[in-house]
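Participant:
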Amino acid sequence: MKLKQFCLAAAFTTFLMYFLLMASLAYFFSGERFWEVLLSERMLFSIRLSIMAATIAMGLAMLLAVPTAYALSRYDFFGKTLLDTLLELPMIVSPAAIGAMLLIFFNTPLGEWIQTNFQQFVFTVYGIVLAQFVTVAGVAARLVKSALDEIPPRYEAVARTLGASTFAAFRTTTLPLCRRGIFAAAILTWAKAIGEFGATITIAGTMAMRTETMPVAIYMRLAISDIKGAVVCIGILLFIGISVLYAARLIAKRGIYAGN
Amino acid sequence: MLEIKGLCLKAGSFQVNQISFSVPTGSCHALVGATGSGKTLVLETVAGLRKAQAGSINWLNRDITVLPPEQRELAYVPQDLALFPHMNVRENIEYGLRMRKHHAPDKRSDVEKLTHYLGIGHLLDRSIQNLSGGERQRTALARALVPGNKLLLLDEPFSALHEAMRKELWLLLKTLQQQYGITILIVTHDMEEAFLLADSVTFIARGVVVQSSEKQQVYSCPANVETAKFFGVQNLFPAEVVAHKSDSLALFCPGLGIVLQANNSDWTRLLPKTSVTVGIRAENIIVETDVTMDNARELPALNQAACTVKQLYQKRKGLILLLQPDNGDGKCLLEAEIATDSLGQVSELSVGQKVVISLPAEQFLLFAE
Numbered sequence: 381m382k383l384k385q386f387c388l389a390a391a392f393t394t395f396l397m398y399f400l401l402m403a404s405l406a407y408f409f410s411g412e413r414f415w416e417v418l419l420s421e422r423m424l425f426s427i428r429l430s431i432m433a434a435t436i437a438m439g440l441a442m443l444l445a446v447p448t449a450y451a452l453s454r455y456d457f458f459g460k461t462l463l464d465t466l467l468e469l470p471m472i473v474s475p476a477a478i479g480a481m482l483l484i485f486f487n488t489p490l491g492e493w494i495q496t497n498f499q500q501f502v503f504t505v506y507g508i509v510l511a512q513f514v515t516v517a518g519v520a521a522r523l524v525k526s527a528l529d530e531i532p533p534r535y536e537a538v539a540r541t542l543g544a545s546t547f548a549a550f551r552t553t554t555l556p557l558c559r560r561g562i563f564a565a566a567i568l569t570w571a572k573a574i575g576e577f578g579a580t581i582t583i584a585g586t587m588a589m590r591t592e593t594m595p596v597a598i599y600m601r602l603a604i605s606d607i608k609g610a611v612v613c614i615g616i617l618l619f620i621g622i623s624v625l626y627a628a629r630l631i632a633k634r635g636i637y638a639g640n
Numbered sequence: 368m369l370e371i372k373g374l375c376l377k378a379g380s381f382q383v384n385q386i387s388f389s390v391p392t393g394s395c396h397a398l399v400g401a402t403g404s405g406k407t408l409v410l411e412t413v414a415g416l417r418k419a420q421a422g423s424i425n426w427l428n429r430d431i432t433v434l435p436p437e438q439r440e441l442a443y444v445p446q447d448l449a450l451f452p453h454m455n456v457r458e459n460i461e462y463g464l465r466m467r468k469h470h471a472p473d474k475r476s477d478v479e480k481l482t483h484y485l486g487i488g489h490l491l492d493r494s495i496q497n498l499s500g501g502e503r504q505r506t507a508l509a510r511a512l513v514p515g516n517k518l519l520l521l522d523e524p525f526s527a528l529h530e531a532m533r534k535e536l537w538l539l540l541k542t543l544q545q546q547y548g549i550t551i552l553i554v555t556h557d558m559e560e561a562f563l564l565a566d567s568v569t570f571i572a573r574g575v576v577v578q579s580s581e582k583q584q585v586y587s588c589p590a591n592v593e594t595a596k597f598f599g600v601q602n603l604f605p606a607e608v609v610a611h612k613s614d615s616l617a618l619f620c621p622g623l624g625i626v627l628q629a630n631n632s633d634w635t636r637l638l639p640k641t642s643v644t645v646g647i648r649a650e651n652i653i654v655e656t657d658v659t660m661d662n663a664r665e666l667p668a669l670n671q672a673a674c675t676v677k678q679l680y681q682k683r684k685g686l687i688l689l690l691q692p693d694n695g696d697g698k699c700l701l702e703a704e705i706a707t708d709s710l711g712q713v714s715e716l717s718v719g720q721k722v723v724i725s726l727p728a729e730q731f732l733l734f735a736e
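Residue numbers (my numbering), protein chains in the order written: chain A, 381 to 640; chain B, 368 to 736.
1. Report the rounded CA-to-CA distance for valine 592(B) versus leucine 701(B), giving the unit in angstroms.
2. Measuring CB to CB, does isoleucine 551(B) end up less than 8 Å from leucine 519(B)?
3. Comparing alpha-carbon positions, which option in Glu530(B), Val577(B), Pro391(B) lies nearest glycine 737(B)?
4. Note down, in chain order, every chain B residue with its Cβ under 7 Å from the Cβ of serine 545(A).
5. Does the separation of the CB atoms of methionine 641(A) and isoleucine 427(A) fall below 8 Å?
6. Using a Cβ-Cβ distance cut-off of 8 Å, determine whether histidine 611(B) contacts chain A.
7. Alpha carbon to alpha carbon, how far is alanine 449(A) from leucine 463(A)?
8. Does the segment 418 to 432 of chain A come into contact with the segment 487 to 501 of chain A, if we say contact requires no fewer than three beta-carbon pairs (one atom in each stretch) closer than 8 Å?
9. Which class does tyrosine 450(A) belong to by DSSP, given the choice of helix, strand or coil?
10. For valine 609(B), which three-state DSSP category applies?
11. Run down chain B in chain order and give the residues with a C-beta less than 9 Å from the C-beta of leucine 557(A).
12. Could you list the residues in the segment 527 to 540 of chain A with a C-beta less than 8 Å from some C-beta on chain B, going in chain order?
13. Do the CB positions of glutamine 512(A) and glutamate 576(A) come within less than 8 Å of each other?
14. Counting only runs that start and end within the segment 705 to 732 of chain B, where is the alpha helix (DSSP H) found for 4 or more residues in a row?
15. Mind pulling the chain A residues with CB within less than 9 Å of proline 514(B)?
16. Go ahead and label glutamate 715(B) buried or exposed: buried means 16 or more other beta carbons lie within 10 angstroms of its beta carbon, across all protein chains shown.
17. What does tyrosine 443(B) touch in chain A if you count any residue whose Cβ is under 7 Å from its own?
18. Got a sec, what are the start and stop residues for the alpha helix (DSSP H) phenylalanine 386(A) sits in?
19. Strictly below 7 Å CB to CB, what residues from chain B border alanine 433(A)?
20. For the alpha helix (DSSP H) holding tryptophan 634(B), just list the boundary residues, first then last.
21. Roughly how many angstroms lie between the CA atoms of serine 613(B) and leucine 369(B), to the nearest whole one?
22. For the segment 541 to 615 of chain A, list the alpha helix (DSSP H) runs that are entirely contained and at least 4 residues long, ordered along the chain.
23. Less than 8 Å between the C-beta atoms of valine 456(B) and leucine 485(B), yes or no?
24. On the DSSP letters alone, give me the boundaries of the alpha helix (DSSP H) that threonine 412(B) sits inside.
25. For phenylalanine 457(A), which residues of its own chain have a beta-carbon under 8 Å away from its beta-carbon, when the five flanking residues on both sides are left out?
26. Could you please tell me which residues of the segment 587 to 604 of chain A, in chain order, have their CB closer than 8 Å to any CB of chain B?
27. Taking C-beta to C-beta, are valine 383(B) and leucine 408(B) nearer than 8 Å?
28. Which of the three DSSP states, helix, strand or coil, is assigned to threonine 432(B)?
29. Kindly say whether threonine 393(A), judged by its beta-carbon, lies nearer than 8 Å to any beta-carbon of chain B.
30. Is there a Cβ of chain B sitting closer than 8 Å to that of alanine 451(A), yes or no?
31. Does the structure place the segment 565 to 585 of chain A close enough to the segment 520 to 530 of chain A that three or more beta carbon pairs sit under 8 Å?
32. Under 8 Å Cβ-Cβ, which residues of chain A neighbour methionine 558(B)?
33. Whose CA, out of Phe619(A), Arg590(A), Gly615(A), lies closest to the CA of phenylalanine 408(A)?
34. So is serine 416(B) in contact with chain A if we call contact Cβ pairs under 8 Å?
35. Select from the segment 695 to 724 of chain B all residues with a C-beta closer than 8 Å to any C-beta belonging to chain A, and list them in chain order.
36. To which residues of the same chain is leucine 429(A) closer than 6 Å at the C-beta, ignoring the five residues directly before and after it?
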């Protein structure tokens, strides 16, 4: 078998695997149940909560990711390699472990002080946002760094000799040049946040109409053997996820300088 | 005047040490050296893009050593030009005005004047991606000069262009310099560029200044063998002082197998048995094809050697010969150049042909080890 045939076979096997998983949903799909579940107050709450929490978590993650990625992309500093490695922590550590670490943190004196004097996180919507934020912040920084690495620092250097301050040089050269990359990073971060389950359930629990995000809703419906209801939730989550990933792919394909 | 004194800086494991030179206002100074010699680091430090570890940079009697780039009031054109790809030509050129918040109408008319002068007035609304190499260079120059800065730092700006375009831009830059009274510091490894544009030259090797002087001085009296090689002295061969008089030296060159007579009074301090390197430019070697050593002895010229043509090839300005001295140690290969307009004076040359070369004593360069 030639290399090309081998690689194509591997690619189609991967595709087939995911296709079969998605197609199997059709076996339990019921049109009548779909509309009933979709339009139920509980499902609409889950969708709203998931979108809201993921959007806030993504926004916070991007606020931190852009300067973090900029520091990693442009400067040499003590501990850079360690920080760079830690960004991948959420990828290598189970989300349930991250959730557990958050719970443990809120049981330390500092965590208790924060919960008492600042904001209650455990078993609240704030906990969902925090769990999603902690899970996606590193990924967001990694994605933004990839986008920044593509832009030569020379543009900012020249901008500064032309009278721009450090921030103005970044704002007028690097930022517009990598805006597509940052936008694609934001979409992917949002997609990862909306699908987050392990950390969320550990810190926020499974309270219907309170902390029930879409992934939690799937879990709760499966727990009571409501397969058809779970299929509807999975379908909605799949639709949202695939749509945003496809949008991100289209944006990335247009290239960093396209459309300027 | 731009004055650089004792500049030291570090980039990774590479160190630039004690760089000092000055550039009078309105003149052009070339920083030359091989790739990796540190010349770009020096330029970037003057631009404020790198921090100096020691030393000072003064421009118009103002110490700019620790100022951020945006406060140095100088224009910088990097090797890759770094034109902003998301802006059109006009937006690139006016970038400096926007950042310095110059919105006065006279500044806008400066843009029109300069772009017209540079021949890019009709390209202002064009995208950067649709410019030719020469147009990009002109846009980069306009962008650097529009804010009105009088010190222009150029980092090998024309290296990517073909020869005709390069020459056109050299002349344009020269005229711009005179018209706008600009002081230029240019980094280049192109000798022709350095000599055409610059009034003075600093040669840097391994992060230190080897020679800094008027360009003619560097050309005619390179400080050492390395400088001589860089400035186009193709023939450098070892020799030993065998005798010295008040006004001349006798040098034995094993490579040529002859004793050369050099008559520069500056060298007469060299004692016998001193090892030296003799240099002579290819164009200064006289090649005679119609003489043999027997009748050459009767010629008045000294310093002659019989050679065999090992290789010859045509260059734009003349014919290049690689010659092996017949009586040498076999390790020496001389390069001689016969100008195109002198080719008629020698009979047709071919590989393996015997010729006699004359090495005029006044053209010798001598480097004591």
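The C-beta atom is built at its ideal place from N, Cα and C for all residues, glycine as well.
Given the structure is predicted, the values throughout are model-derived calculations rather than measurements.
Facilitator: According to the structure shown:
1. 16 Å
2. yes
3. With chain B covering only 368 through 736, there is no way to say anything about residue 737(B).
4. Glu437
5. What is shown of chain A runs 381 to 640, which leaves residue 641(A) out entirely.
6. no
7. 10 Å
8. no
9. helix
10. strand
11. Phe451, Pro452, His453
12. Pro532, Arg534, Tyr535, Ala537, Val538, Ala539, Arg540
13. yes
14. none
15. Leu542, Gly543
16. exposed
17. Val538, Thr541
18. 383 to 407
19. In chain order: nothing, as chain B lies at least about 34 Å away.
20. No alpha helix (DSSP H) holds tryptophan 634(B); DSSP gives it neither H nor E.
21. 43 Å
22. 546 to 549, 559 to 574, 578 to 584, 594 to 603
23. no
24. 406 to 414
25. Ala451
26. none
27. yes
28. coil
29. no
30. no
31. yes
32. In chain order: nothing, as chain A lies at least about 26 Å away.
33. Gly615(A)
34. The identity of residue 416(B) in the sequence shown is leucine, whereas the question assumes serine. So, interface residue.
35. none
36. Thr593
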